[in-house]
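Quick notes on the structure that follows.
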Amino acid sequence: MNDMEFLRQISRVDVLLGQSRYAQAEKLLENLMPHGADNIEILKMMAIAKMGLHKYDDADQICKVIMEQHPADAFSYYIMSNVNSAKRNFEDAKSLMDESIRLEPDNPDFHAFKANLFLRTKDYQEALESADTALSADAENIGALNARSGALVGLGRNDEAFETIDKSLNTDPTNPDTHSNMGWGLLHRGQSDTALQHFKMALTEDPLHQSAKAGMLEAMKAKFPLYRYFLMIMLWFGKLKGKNQWIIIIGSYVGLRILSSLAEDNEKLWPYLMPVIIIIAIFFLSTWIFSPLMNLYLLTNTFGRYTLSQEQKWSAGFAGFSLFTSILFMACFIFLWPNEGLLSSSIFVFLMMIPTGSMYNPDSERNKKKLILVTTLIGLLVLVNSTICIYSGVFSTSFSVLPLFGLIAYQWYANYIMIRE
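This is the structure:
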């Protein structure tokens, strides 16, 4: 291969990477490697292609080779930071970005990416400072502007956030990241219709934009007023760091137990406390089943089916099956056969919506598999319990404590996994 052809192929790879066509870029780079194995630019491109294909270990190894040969190359640390971020090793990713910034302190893209890392760990003040540092070097850096708006939303400074997003849109009116940021900011305010338009614009520019697709789903579901307010609460909760989320979860559980004890011990307070207890219990349940049930509704909508991921469709289908089976058992109990086992089976199958509707929620494939396994075990316990209760004609047996314990334990375990992520 002559030099002219080599440069032409390199240019072609650069275009493919810009279009996120990583598989084609990888194939071309493999053909180029024998002709330029020591070329640092080829190695960088290969690392980016591997990362785009989720071959993180391969990308990691290539970055290490670059660092050994060119220890002062800041971009290799930046790529490796991206790899660690994709693997959710955010602290390692920050350390690598610190090294990139040490080598190139005036690079605005490095500071912007570090701001995004701080957003992932919900360190909003640090994210704002990194974004401002990037903007001091490049006032129109889109990545920094978007990171700054995200940090301001996290800090509750929504008016400033929208000013930043407007500046970003003026700089690049078609940027999908900016439109997605605007959409999420509007969802925080409960303005789902306007948010929907921005998510549509983002998906028009980039049909595979994951943040915009997720936002589109929430905006469509938020057309229902009850879900809109529920979503605003969940978005507020999601901004909190893990420690604060646990304080609210445990505090709410303890508060519910105290109210229940007061209601049981004081007949005069019973009529006033029970409605409060029921509302709190319904809200707790809704945090697990509201979203998958709304996804089930979206399956009836053509655009909803396009926007939902395969896992969201499965989750909605499982939750819908649990709901349908629960109603079927209840109808049989009321109209055909007053067997108390049918009544308890109806309740247990209804509660199976908690694990079936949330087992795909974790980002990590490993954690998804854990929740799927736990859900399967609970489902088997519910099946055995229902068989025993219906056969015996009783509401519960000593075995019933096992699926009940499983359903309660699942909620704590799933919260632990998702908050850790």
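For my numbering, add 427 to where a residue sits in the sequence shown, where the first one is 1. No residue lacks a Cβ here, since even glycine has one placed at the ideal position from N, Cα and C. Note that the structure is predicted; figures quoted are calculated from it, not measured.
Assigned secondary structure, ARG655 (DSSP; H/G/I helix, E/B strand, else coil) = helix
ask   = Which value, in whole angstroms, describes the spacing of the CA atoms of LEU778 and VAL809?
value = One alpha carbon belongs to LEU778, the other to VAL809, and they sit about 10 Å apart.
ask   = Measuring CB to CB, does PHE760 end up less than 7 Å from LEU769?
value = yes
query = What separation, rounded to the nearest whole angstrom, lies between the Cα atoms of ALA690 and ALA708?
reply = In a straight line, the C-alpha of ALA690 is about 14 Å away from that of ALA708.
inquiry  = Taking 7 Å as the threshold (C-beta atoms), are LYS521 and LEU544 in contact?
reply    = One thing to note: LEU544 has its Cβ within 7 Å of the Cβ of LYS521.
task = Taking 7 Å as the cut-off, decide whether the C-beta atoms of SER595 and LEU572 are in contact.
result = Against a cut-off of 7 Å, the Cβ pair of LEU572 and SER595 comes out as a contact.
task = Ignoring anything shorter than 3 residues or poking outside the stretch 628 to 716, list the beta strand (DSSP E) runs there in chain order.
result = none
message = Checking 7 Å against the spacing of the C-beta atoms, do ALA452 and LEU459 come in under that value?
response = No, they are not a contact pair.
key: Rounded straight-line distance, which links the Cα of HIS636 to that of THR601   = 13 Å
query = Measuring CB to CB, does MET780 end up less than 7 Å from ALA743?
reply = no
query = Ordered along the chain, which non-local residues of its own chain (more than five positions away) have a Cβ less than 7 Å from that of ILE676?
reply = ASN842
request  = Check each candidate in ARG616, SER438, ILE844, GLN446 and name the one with the smallest Cα separation from GLN672.
outcome  = The option with the nearest alpha carbon to GLN672 is ILE844.
query = Taking C-beta to C-beta, are ALA574 and ALA622 nearer than 7 Å?
reply = no
request  = For GLY731, collect the residues of the same chain with a Cβ closer than 7 Å to its Cβ; drop the 5 residues on either side in sequence, then sort them by chain order.
outcome  = MET647, LEU725
task = Would you kindly report the start and end of the unbroken alpha helix (DSSP H) that includes SER823?
result = Per DSSP, SER823 is not a residue of any alpha helix (DSSP H), being assigned neither H nor E.
C-beta contact flag for PRO719 and GLY784 at 7 Å = yes
message = With the cut-off set at 7 Å, would you say TYR837 and VAL811 are in Cβ contact?
response = Here TYR837 is not near VAL811, since their CB atoms are 7 Å or more apart.
inquiry  = MET661 and GLY617 - do their beta-carbons sit closer together than 7 Å?
reply    = no
Integer Cβ distance of TYR483 from ALA513, believed to fall under 8 Å = 6 Å
key: Cβ-based burial, TYR504 [other Cβ within 10 Å; buried from 16]   = buried
task = Please check the pair ASN766 and ILE817, which I expect to be a contact at CB under 8 Å, by giving their CB distance rounded to whole angstroms.
result = About 6 Å separates the beta carbons of ASN766 and ILE817, which is inside the 8 Å limit, making them a contact pair.
inquiry  = Quick check on the burial criterion: 16 or more other C-beta atoms within 10 angstroms. Buried or exposed for LYS471?
reply    = So LYS471 counts as buried.
inquiry  = the ligand FAD and ILE493: does any heavy atom of the ligand fall closer than 6 Å to the residue's C-beta?
reply    = No copy of the ligand FAD appears in this structure; indeed no ligand is present at all.
request  = Give every residue of the same chain whose Cβ lies closer than 7 Å to the Cβ of TRP611, excluding the five residues on either side of it in the sequence, and list them in chain order.
outcome  = GLY642
request  = Enumerate in chain order the residues of its own chain whose CB-to-CB distance from ASP790 is below 6 Å, with the five nearest sequence positions on each side excluded.
outcome  = For ASP790, where only same-chain residues beyond five positions count, the Cβ hits under 6 Å are GLU848.
ask   = Taking the alpha carbon of ILE506 as the point to measure from, which residue in HIS497, LEU523, GLU495, ARG515 has its own alpha carbon closest?
value = LEU523
Where the alpha helix (DSSP H) containing ILE817 begins and where it ends = 792 to 819
message = Here's the rule: buried if 16 or more other CB atoms are within 10 angstroms of the residue's CB, otherwise exposed. What is TRP839?
response = It is exposed - the Cβ of TRP839 has fewer than 16 other Cβ atoms within 10 Å.
message = DSSP three-state label for MET494, please.
response = helix
query = What residues in its chain sit with their C-beta under 8 Å from that of ASP633, if we drop five residues either side in the sequence?
reply = PRO603, ALA639
ask   = What's the gap between the Cα of ASN568 and the Cα of ASP536?
value = 8 Å
request  = With a cut-off of 8 Å on the beta carbons, I'd call ALA486 and MET478 a contact; round off their distance for me.
outcome  = 4 Å
task = With a 10 Å radius around its C-beta and 16 neighbouring C-beta atoms as the bar for buried, classify ASN850 as buried or exposed.
result = The structure shown does not extend to residue 850, since the chain is modelled only from 428 through 848, so no value can be given for it.
ask   = Distance, Cα to Cα, TYR680 vs PHE657?
value = Each residue's Cα considered, the two are about 19 Å apart.
inquiry  = Assuming ALA476 is part of the alpha helix (DSSP H), what are its boundary residues?
reply    = 467 to 479
Nonlocal neighbours in the same chain, by C-beta distance under 8 Å from ASP441, ignoring five residues either side = MET472
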